[in-house]
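Scroll down for the structure; my scribbles are underneath it.
Chains as they are written, first to last, in my numbering: chain U, 10 to 518; chain Y, -12 to 322; chain P, 553 to 891.
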C-alpha cells in the first residue's frame, strides 16, 4: 500500500472523568483510503476516543486535525459537517419511519417546498444514496421496523455516508463501533466489501471490533490500546493474533498487589452449580461448579454473555434452559429477593443505576440487603442498623460525616465501599462481584482485595467479573472464559502458576 | 484518598425537601393570619371545629397516597374508590343495618365492607401495575373510570342515611373542645402509618424502591410485594375516607370523591413528598393536608367563589411539585 | 479455539427466532384494531340488525364521532412523543364555556361573533402551550402538569360564566349543528378537516418526523441539532388547539356554554388512542390508528346504547379497555421498571 495523504490525526488526547483517567494521551492517524482497526481490552479507551472524535465528548486536552484543518467538534453535527460520521453500536434509526426518512432525518429542509416535503424527490435521492453503498435493492419507502438487522446496518452506513459526503472533493472518515456484533458471517462479509469500497474512493474508515480475525481480515493498519494509552500501531501484514494479544495485555502487576500469599485452596464442598444453564438468544450450555472458599473469575468481552450469566445467578432473570443448584438443592429463583434468601447476592456493575439508592442514608443502604438480621418481629431496630453501619464504616474506612448522611453526598469510591459493605452485612454465602473495584482508587482496590481474601478464609464463595483481566486472573482460583454466549475456556489459577493473560485473551476473542 | 471527596456536593435535595415544608408551614400561618384579618371569627370555636373535623377524611386519604408516591408511583383512582366506598357504606347502613339490630353494628359492618372493597381495589390496581407493568398513572386512570361507573351503578342519585341509623355514625360529630373525634382517629391512623413507614422493613423498602427501584431489586428487596401492599393500603385509605365522608355528610353521592383526587395530590405534594419517589413521608403530609384544609375552609369562610378553589389548588400542586421534583440527574428524560 | 458442539439451535439462531417472533407479534398487533372494529360491527348488526346497520344510524355515528375524534387527534401526538395529556376535561370544558360567554348569549352583553369563537379556541391553545412549557422547562411529568391544568381550566370555565351556563342565541351558531352537507353534519366536516390537517402534519412535514423521533429516542434529535423541547411544546400546543376546537363545537352543539361538556371526553379519547395502536411509550402509531380507535369507541358506545346497556356501564367499559390495551402493548419482563 503506497503512502497516501493523512486524512485525520489525533495527538495526545487526554480525557478525565472526575478522578478517573479514561485516556492518557492517545494518538491516532488515519490516511486517505485506509481502513484502520482499533483493538484493546474493555476499558482500554477505544469507545471514549471514538466519542471524542465524533464530538459526543470533549477531550480534556490534545489536538485533532481533519483534512489539514484543525478539528474540535462540539457535537456530532459539527463532526458531520467536517466530514466525520459514526455508525453507532446501538443503531440510531427511528424504526417506525421509512428508510428514506431516516437517511434524511434532520435534513428535511432540503426537500421542502412551501413547507411541504416532496416525498418522491426525497425517495429518489435516498435510492441514489443507497446505490452508492451498493444496497440499491433496499426500498427506501420501506419501514425500518420491517428490515432485519443487517439491512438496518447498511441503511445506517448509507445515512452516515450521506451526511459526511463533501462537495468540495475533500475526503471523509467513517467510524464503525462494533458493527458486526449483530451480523451473520455472510452479512459481515458484505459489510467488509462496503468498507473496502468506501476506502477505495479515498475515504478513511476506522473499525472497532472485539474479533481479531475480522480486524486482521479487513484492515490495513492496527492501533493497539491499553489502559487509555496507545501501545503502538502496526501494518496488518505484520500482525498476527498472538502478537496483538501480547500488545493488548502487557505485563502483569506484582503479586503482592493481589495478596497472592493469602490465596487459599478451595474446599471440597460445592456451594453453587450450574448445569446446562442457558438464556434464549444470549448464552447457552454454561456448566460450572463453585466451591466453598473459591474465587471463580469469569472473563469475556462485552456481549459475551458474562453479565447475563450473573443476572441469572442472582435471580434477576430466569434461565430458559438448564438449572442452578445451591448446596445441591435445585434453585428456581423468581427474583433477587429469593436468591438473597438462599444466600446469593450480586454487587452490580453500574453503581449509580443498580448499586445504590442515592436518596437513602449510608446506614440504610448498608442495611438494604439484610433487613431480617437487623429486625425484631416486623420492626427494624434502628440501633442495630446504626451499630452495623458504624462497624463497617470503620472497617472499610468509608469517608462520610456519619451513618445518616445521604449517599448522594459521598464520592464515587466511597459509594462503592458502601455497596461492598452492604454485601458484607448481608452475610451471604455466595457473592457475585460484578466489577467490584470499578471507579475506586488504587488504595481502596487493595482494601477490597484484602476483604475478598478474608471472605475466602471465612469459607464464602465468590464469582468475580474483574474490572481488568489482570485483576480477574490475580484474584481467582479458577478462571472461566466466555465467548459468544458459551464457555470457551477454563484455566486453573493457583497462587503459584497463574495462567498468562495472553492465553486467556486468546480464548476470549 | 486520591479521589477528591466533594463535601456537600449535593446539598440541594435536603434543602429542597425542607423548602416545601417551610413553604407549607408559612402558607398555613400566612393564610390563617390573612383569613383572620378578613373575618375575625375565622379562628372562632365553631369554624375551628368545622375546619379540624373536615380535614379528617382528606388526611386519611392523603396518608395512603403518600405511601404510593414514596414509590414514585401515583394512584389517581383514589377519588373514585372513595366514592364507591361512600355509596357502599350508606347502602349497607340503610339496607342491612336495620336487620342487624343496634345502629352501631350496621356501621361497623359497613366499615368492614368498605375497607374490604378498598383493599380489593388496591389489590387489583397493584396487580395490574406490578404484574402487567402498566404505568401506575394510566392503570389508576383506567380504574378511576371503572369505579366511577360502579359507584353510579350502586346508587345513581345521592341517598341520605336513614334517621334510625344515625346512632351508628354520630361519632363523627363528637368533639373534645375544638378537636373532633374524627380528627383524633385520623391522626391515630397517621401515627400507625408513620410507624409502618419508618420502623418496618416494608417502609424501608418503600424508600429504597422510590429512590432506585433497580438497585432495590438487585439488593434483594421484595419490590413487587412492597408495591402491591402500598397500593392495597392506599385503596383502604381511600375507602375509609369515603366512609368518613358518609358519616360526615350523613348521605352518599356517587361523585363525592371526584374533587378529592386533586386535593389528595395537593396535600401530599405540599407535604414535601417528591413525585419522583424516595423522599418525604406521612408527617409532611399532615402539614400538607392542613394547608389544603385551611385554604378550602378559609375560601369558603370569606365567601370566595368556589370556582377559584380548583384554580388555586391546581397551581398549588404545580408549585409544590416544581419545587420538589428531582432534576439532579443529568440527561434525565421526563415523559 | 474451542470447537462448537453441534446443538439443535445456535445462540444466533435463537436470537433470530426471537426477533422473528417479535415481528410476527407486531404484525398481529397492527391488524388487531381493524379486526376488533369489524367484530364489533358484526356483533351489533347481528344483535340489532337494521337498527344498527341503517343509514340513519350511520349518520348518527358520524355525528357522535366528530368531537371524540377531535379530542383523540390532539391526544395522539402527545402520546406519540411518550407524554400524556390529562387536561382534556378542563381544556375542552373551558373552550365550551368561553364560546358561550363570548358570542351572543342570554346572560352577558359580549357579542364578539366569530372572533369570540376564535378566542375560545385560543384559550385552550394557550393552556396547551402552558402545559408544554411547564412540562419541558420545570421537568415535571406531563401527566402531572396536565392533571393540575384540568382543574385550573375547569375553575376558569366556571368562573367565566359565574355558575350559570349562558345560552347561545347567535342565530348562525344556533343553526350550525343542524346544518348538513352531503347528508353529513357540519360539525363532522370540521372534524374531518382537522383530521386531514393532522394527517398532513404527520406525513408531510419535518415536524411529523420529529414527533416519531422524540417518542423513539430523544438523543437522535439532539445528534442532528433539532430542539426536543420545541417539538414537545409544539405538540402540547397543537393538542390544545384540537381540544379547543372540540370544546367550541361541543358548546355550539349543546347550545350553551357549559364547562361540564368536557367531562365525558377524556376516557373515550385515551381509550381510542391506545386501542388504535399508538403505544404509550411513544414513537409508534399515529393519526390513522386513532381513526380506527375512535371508530371502535364510537361504534361500541352506539351499539351498547342500542342493545340497551345501562349508560353508567359505558365509563367502566372504557376503563377496562384502557387497561387491556395498555397491558397488551407495554414492555414486559422481570427487569422492566414501571412507575
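Glycine included, each C-beta is placed from N, C-alpha and C at the ideal position.
Just so you know, these numbers come straight off a predicted model, no measurement behind them.
{"Query": "Closer than 8 angstroms by beta-carbon distance: list the chain Y residues that pair up with residue 813 of chain P, in chain order.", "Result": "Near residue 813 of chain P there are no residues of chain Y at all, since even the closest Cβ is about 16 angstroms away, more than 8 angstroms."}
{"Query": "Please report the distance separating the alpha-carbon of residue 236 of chain U from that of residue 516 of chain U.", "Result": "20 angstroms"}
{"Query": "Contact criterion: CB-CB distance below 8 angstroms. Does residue 693 of chain P meet it with respect to chain Y?", "Result": "yes"}
{"Query": "Does residue 716 of chain P get closer than 8 angstroms to chain Y when you measure Cβ to Cβ?", "Result": "no"}
{"Query": "Cutting at 6 angstroms between CB atoms, please list the residues of its own chain near residue 272 of chain U, excluding the five before and the five after it.", "Result": "504"}
{"Query": "Classify residue 136 of chain U as helix, strand or coil using the three-state DSSP reduction.", "Result": "helix"}
{"Query": "For residue 114 of chain Y, which of Y/267, Y/218 and Y/279 has the nearest alpha-carbon?", "Result": "Y/218"}
{"Query": "So residue 659 of chain P and residue 713 of chain P are in contact, right, with Cβ under 8 angstroms, and what is the actual spacing, rounded?", "Result": "7 angstroms"}
{"Query": "Look at the alpha carbon of residue 138 of chain Y and the alpha carbon of residue 62 of chain Y, and state the distance between them as a whole number of angstroms.", "Result": "18 angstroms"}
{"Query": "Could you say which of Y/275, Y/271 and Y/296 lies nearest to residue 283 of chain Y if we only look at CA atoms?", "Result": "Y/296"}
{"Query": "To which residues of the same chain is residue 395 of chain U closer than 8 angstroms at the C-beta, ignoring the five residues directly before and after it?", "Result": "372 and 412"}
{"Query": "Measuring alpha carbon to alpha carbon, tell me which of P/851, P/866, P/675 and P/575 ends up nearest residue 799 of chain P.", "Result": "P/675"}
{"Query": "Using beta carbons (cut-off 8 angstroms, strictly below), is residue 239 of chain Y in contact with chain P?", "Result": "no"}
{"Query": "Taking only three categories from DSSP, how would you classify residue 393 of chain U?", "Result": "helix"}
{"Query": "So, is residue 17 of chain U buried or exposed, given that buried needs 16 or more other C-beta atoms within 10 angstroms?", "Result": "buried"}
{"Query": "Whose CA, out of U/150, U/424, U/442 and U/496, lies closest to the CA of residue 320 of chain U?", "Result": "U/442"}
{"Query": "Could you please tell me which residues of the segment 97 to 116 of chain U, in chain order, have their CB closer than 7 angstroms to any CB of chain P?", "Result": "101, 103, 104, 105, 106, 110, 114 and 115"}
{"Query": "Taking contact to mean 3 or more Cβ pairs, one atom from each stretch, closer than 8 angstroms, check whether the segment 254 to 261 of chain Y and the segment 68 to 77 of chain Y are in contact.", "Result": "no"}
{"Query": "Give the straight-line distance between the Cα atoms of residue -11 of chain Y and residue 450 of chain U, rounded to the nearest whole angstrom.", "Result": "With a pLDDT of 36 at residue -11 of chain Y, under the threshold of 50, the modelled position of this residue cannot be trusted, and the question is left open."}
{"Query": "So, is the C-beta of residue 30 of chain U closer than 8 angstroms to a C-beta in chain Y?", "Result": "no"}
{"Query": "Hey, does residue -4 of chain Y have any beta-carbon neighbour from chain U nearer than 8 angstroms?", "Result": "The predicted position of residue -4 of chain Y is uncertain, since its pLDDT is 41 and thus under 50; no value can be drawn from it."}
{"Query": "Counting only beta-carbon atoms, is residue 380 of chain U nearer than 8 angstroms to chain Y?", "Result": "yes"}
{"Query": "According to DSSP, is residue 823 of chain P part of a helix, a strand, or is it coil?", "Result": "helix"}
{"Query": "Tell me which same chain residues have a C-beta within less than 7 angstroms of the C-beta of residue 206 of chain U, skipping the five on either side of it?", "Result": "143"}
{"Query": "So, helix, strand or coil for residue 555 of chain P, using DSSP?", "Result": "Low confidence applies to residue 555 of chain P: its pLDDT is 43, below 50, so where it sits in the model is not reliable enough to give any reading."}
{"Query": "Can you tell me whether residue 561 of chain P is buried or exposed? The criterion is at least 16 other CB atoms within 10 Å of its CB, across all chains shown.", "Result": "exposed"}
{"Query": "Does the beta-carbon of residue 323 of chain U have 16 or more other beta-carbons within 10 angstroms, so that it is buried, or is it exposed?", "Result": "buried"}
{"Query": "At 8 angstroms on the CB atoms, spell out the chain U contacts of residue 570 of chain P, in chain order.", "Result": "289 and 290"}
{"Query": "Please state whether DSSP places residue 143 of chain Y in a helix, a strand or coil.", "Result": "coil"}
{"Query": "At what residues does the beta strand (DSSP E) containing residue 495 of chain U begin and finish?", "Result": "495 to 501"}
{"Query": "Need the endpoints of the beta strand (DSSP E) that residue 69 of chain Y sits in, please.", "Result": "First-last for residue 69 of chain Y: 65 to 82, but that is the alpha helix (DSSP H), not the beta strand (DSSP E)."}
{"Query": "Any Cβ of chain U within less than 8 angstroms of the Cβ of residue 765 of chain P?", "Result": "yes"}
{"Query": "Counting only beta-carbon separations shorter than 8 angstroms, does residue 367 of chain U have a partner in chain P?", "Result": "no"}
{"Query": "Could you work out which residues of chain A lie near residue 214 of chain Y, taking near to mean beta carbons separated by less than 7 angstroms?", "Result": "Here the protein chains are U, Y and P, and chain A is not one of them."}
{"Query": "Leaving out the 5 sequence neighbours to the left and right, which residues in its chain are closer than 6 angstroms to residue 694 of chain P when beta-carbon positions are compared?", "Result": "635, 636 and 687"}
{"Query": "For the beta strand (DSSP E) that residue 487 of chain U lies in, which residues bound it at each end?", "Result": "487 to 492"}
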